[in-house]
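Notes to accompany the following structure.
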Amino acid sequence: MAKVHVTTSINGEPMEFLCEPSDTMLDALRGPLALTGSKEGCASGDCGACSITLDDRLICSCLMLAVEAQDHEIRTIEGMAQGDKLHPLQQKFLEMAALQCGICTSGMLVASDALLKKNPEPSEEEIRFWLAGNLCRCTGYDKIVRAVMETAAEMRAQ
Amino acid sequence: MTELRYLAPDTLDEAIGAFAKAGSAARILAGGTDLLVQMRSGVLKPGVIVDIKKIPEMMGIEQTADGGFRIGAAVSGMALAEHKSFSKVWPGVLEAVNLIGSKQVQGRASAGGNLCNGSPAGDSVPAMVAAGAIVTVQGPNGRREMKVEDVPAGPGRTNLKPGEILVSFALPPRPPGSSDAYLRMIPRTEMDIAVVGVGVSLTIKDGTVTAARVGLGAVAPTVLLVEDAAKALIGSKLDDAALAKAAAACSAACRPIDDKRGTIAYRTKVAGVLLKRTAAIAAQRATQKN
């Protein structure tokens, strides 16, 4: 079976890749595109470790076919930092130790970024509901939620 | 899965042609939040996937001249939430759609997929039943309309004919004093499957209920329209006696399974409790707008 040729945009750059019709976007990211920041946790849309945005909308890349990327815009964790300069959320996660093993971290960051773009002043409850689809088995979530709140406050002040 | 073909037609006619031609090997792809999981687990091995998201009619949200709404079958929950006026007219339908999975899932999952997946516990379905939604389906023999409650046939099955695709939901215009609500019982606060789900739509004039519909989910092989519960509410002022009668009608309609998520006795009781709570929310919203 011939592979499908997909033309898309990833983190603002035009990109082409080949995939099987049944490959997920996560398969394509971690395979031919060599963008391994998005993680596979559950592969069924429960854990959020593979979170990306598709046309600026937060989704699980394990629940999207790679062929669906044709003519759309994908953003991943790799597009979050500007060169060597970390995104404020990334910086704050480091400062506040809002991560331990790191598997959930890229998904947490992508999801938190999507939240702050939509709502620059989320309450703690709104953050917890927004991140309900991102599972962390290490931190107990408190440090993550506090880091998002702190980042939001700093970004509003700027 | 290596034999899979992916098609993303721009028109409904092309989609129906491809879908009907491929027969039972074909699956429709809207948000994919059920389909991809079923493929991954090996439950489904489709030969052809027809992605309907390039078809404008499938992706539109339109407020019609009479005040009703037409929602494309593949519109995501997040897109519906971002619509300017939908949440004001149908807050119950929206809260039901936005209980489906996580924010990530809501970015993709559609009410059309939720209905066609055929789960008795699909959250949007009882709210759509309460809303009196009419669906448009189109197949090789043309278009037809169905009441939303007539779509599910049993767990994982629908009454759509071979080659038919769900196109859109039509929600009727709302008289003044109308609103709706949806509540579900789950053991945690997010990311779970309903043990019981209740949708209530009400119209209230001078304190008296003039129209009501009740949809009940996760307590029978399909989502149910509970006409006896609606009858108990209509003509009442939502007094305790009327609510008790409507709650009893919901419990009486239950034909639930006994499983780890909830026993038969529990689901049956909770159906009545949720009816009272959901009706109270719908009534509060309906009278706020007066």
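Chains as they are written, first to last, in the numbering used here: chain V, 5 to 162; chain S, 16 to 305. Idealized CB from N, CA, C, for every residue including glycine. Nothing here was measured: the structure is a model prediction, and the numbers come from that model.
For residue i, the first and last residue of its enclosing beta strand (DSSP E)
i	result
Lys275 (chain S)	Note, Lys275 (chain S): premise wrong, no beta strand (DSSP E); not H, not E.
Thr40 (chain V)	Neither: Thr40 (chain V) is in no beta strand (DSSP E) and is coded neither H nor E.
Lys68 (chain S)	No beta strand (DSSP E) holds Lys68 (chain S); DSSP gives it neither H nor E.
Gln78 (chain S)	76-78
Gly212 (chain S)	211-220
Gln153 (chain S)	149-154
Cys23 (chain V)	17-23
Val224 (chain S)	223-232
Gly87 (chain S)	84-87
Residue i at chain S interface by Cβ criterion, 8 angstroms
i	result
Leu69 (chain V)	yes
Pro25 (chain V)	yes
Val8 (chain V)	yes
Phe1 (chain V)	This structure cannot speak to residue 1 (chain V), because chain V is shown only from 5 to 162.
Arg4 (chain V)	The shown model of chain V, from 5 to 162, leaves out residue 4 (chain V), and the question about it has no answer.
Cys142 (chain V)	no
Gly83 (chain V)	no
Glu72 (chain V)	yes
Thr109 (chain V)	no
Ala53 (chain V)	no
Thr12 (chain V)	no
Thr28 (chain V)	yes
Cys105 (chain V)	no
Cutoff 8 angstroms: residue i Cβ touching any chain V Cβ
i	result
Ser193 (chain S)	no
Arg42 (chain S)	no
Tyr21 (chain S)	yes
Thr48 (chain S)	yes
Phe34 (chain S)	no
Glu205 (chain S)	yes
Arg199 (chain S)	no
Asp66 (chain S)	yes
Met16 (chain S)	Its pLDDT being 43, under 50, Met16 (chain S) is placed unreliably in this model, and the coordinates cannot settle the point.
Asn305 (chain S)	Note that Asn305 (chain S) has pLDDT 47, beneath the 50 cutoff, so the model's placement of it is unreliable and the number below is only indicative. Output row for Asn305 (chain S): interface = no.
Gln299 (chain S)	no
Environment of residue i [buried if 16+ CB atoms lie within 10 Å]
i	result
Ala30 (chain S)	buried
Thr204 (chain S)	exposed
Asn113 (chain S)	buried
Ser266 (chain S)	buried
Gln94 (chain V)	buried
Asn305 (chain S)	Model confidence at Asn305 (chain S) stands at a pLDDT of 47, short of 50, so the residue's coordinates are unreliable; what they give is reported in the following sentence. So Asn305 (chain S) counts as exposed.
Arg11 (chain S)	The structure shown does not extend to residue 11 (chain S), since chain S is modelled only from 16 through 305, so no value can be given for it.
Leu98 (chain V)	exposed
Asp221 (chain S)	exposed
Glu18 (chain S)	exposed
Gln162 (chain V)	exposed
Cys105 (chain V)	exposed
Ala168 (chain S)	exposed
Pro177 (chain S)	exposed
Limits of the unbroken alpha helix (DSSP H) element including residue i
i	result
Gln95 (chain V)	92-99
Ala267 (chain S)	255-268
Leu198 (chain S)	Per DSSP, Leu198 (chain S) belongs to no alpha helix (DSSP H); it is in the beta strand (DSSP E), 193-200.
Cys64 (chain V)	That residue, Cys64 (chain V), is in no alpha helix (DSSP H); its beta strand (DSSP E) goes 61-64.
Glu160 (chain S)	Segment 157-162 is the beta strand (DSSP E) holding Glu160 (chain S); no alpha helix (DSSP H) there.
Lys60 (chain S)	Where Lys60 (chain S) is concerned, there is no enclosing alpha helix (DSSP H), given that its DSSP letter is neither H nor E.
Leu135 (chain V)	Run containing Leu135 (chain V): none; DSSP gives neither H nor E here.
CB of residue i within 8 angstroms of CB of residue j, strictly
i	j	result
Ile149 (chain S)	Asn129 (chain S)	no
Ala301 (chain S)	Ser193 (chain S)	yes
Leu311 (chain S)	Ala268 (chain S)	The structure shown does not extend to residue 311 (chain S), since chain S spans only 16 to 305, so no value can be given for it.
Ala244 (chain S)	Pro135 (chain S)	no
Arg123 (chain S)	Thr48 (chain S)	yes
Leu186 (chain S)	Phe84 (chain S)	yes
Arg42 (chain S)	Leu59 (chain S)	yes
Phe184 (chain S)	Ile86 (chain S)	yes
Ala297 (chain S)	Asp195 (chain S)	yes
Arg172 (chain S)	Gly147 (chain S)	no
Thr28 (chain V)	Cys66 (chain V)	yes
Met100 (chain V)	Arg150 (chain V)	yes
Val182 (chain S)	Leu50 (chain S)	no
Asp59 (chain V)	Glu77 (chain V)	yes
Gly111 (chain V)	Gly52 (chain V)	yes
Ile63 (chain V)	Gln119 (chain S)	yes
Val65 (chain S)	Leu44 (chain S)	yes
Arg160 (chain V)	Pro124 (chain V)	yes
Thr80 (chain V)	Ile148 (chain V)	no
Ser26 (chain V)	Val52 (chain S)	no
Ala70 (chain V)	Ala32 (chain V)	yes
Leu198 (chain S)	Thr293 (chain S)	yes
Val224 (chain S)	Leu253 (chain S)	yes
Val210 (chain S)	Ala233 (chain S)	yes
Exercise for the section: Pair every Cβ in the stretch 97-113 of chain S with every Cβ in the stretch 158-176 of chain S, then say whether three or more of these pairs are closer than 8 angstroms. Expected result: no
Exercise for the section: Tell me, please, whether the stretch 103-122 of chain V touches the stretch 142-162 of chain V by the rule of three or more beta-carbon pairs shorter than 8 angstroms. Expected result: yes
Problem - At least three beta-carbon pairs within less than 8 angstroms, the stretch 32-43 of chain S to the stretch 130-139 of chain V - result: no
Problem - Given 8 angstroms, three or more beta-carbon pairs between the stretch 212-229 of chain S and the stretch 137-146 of chain S - result: yes
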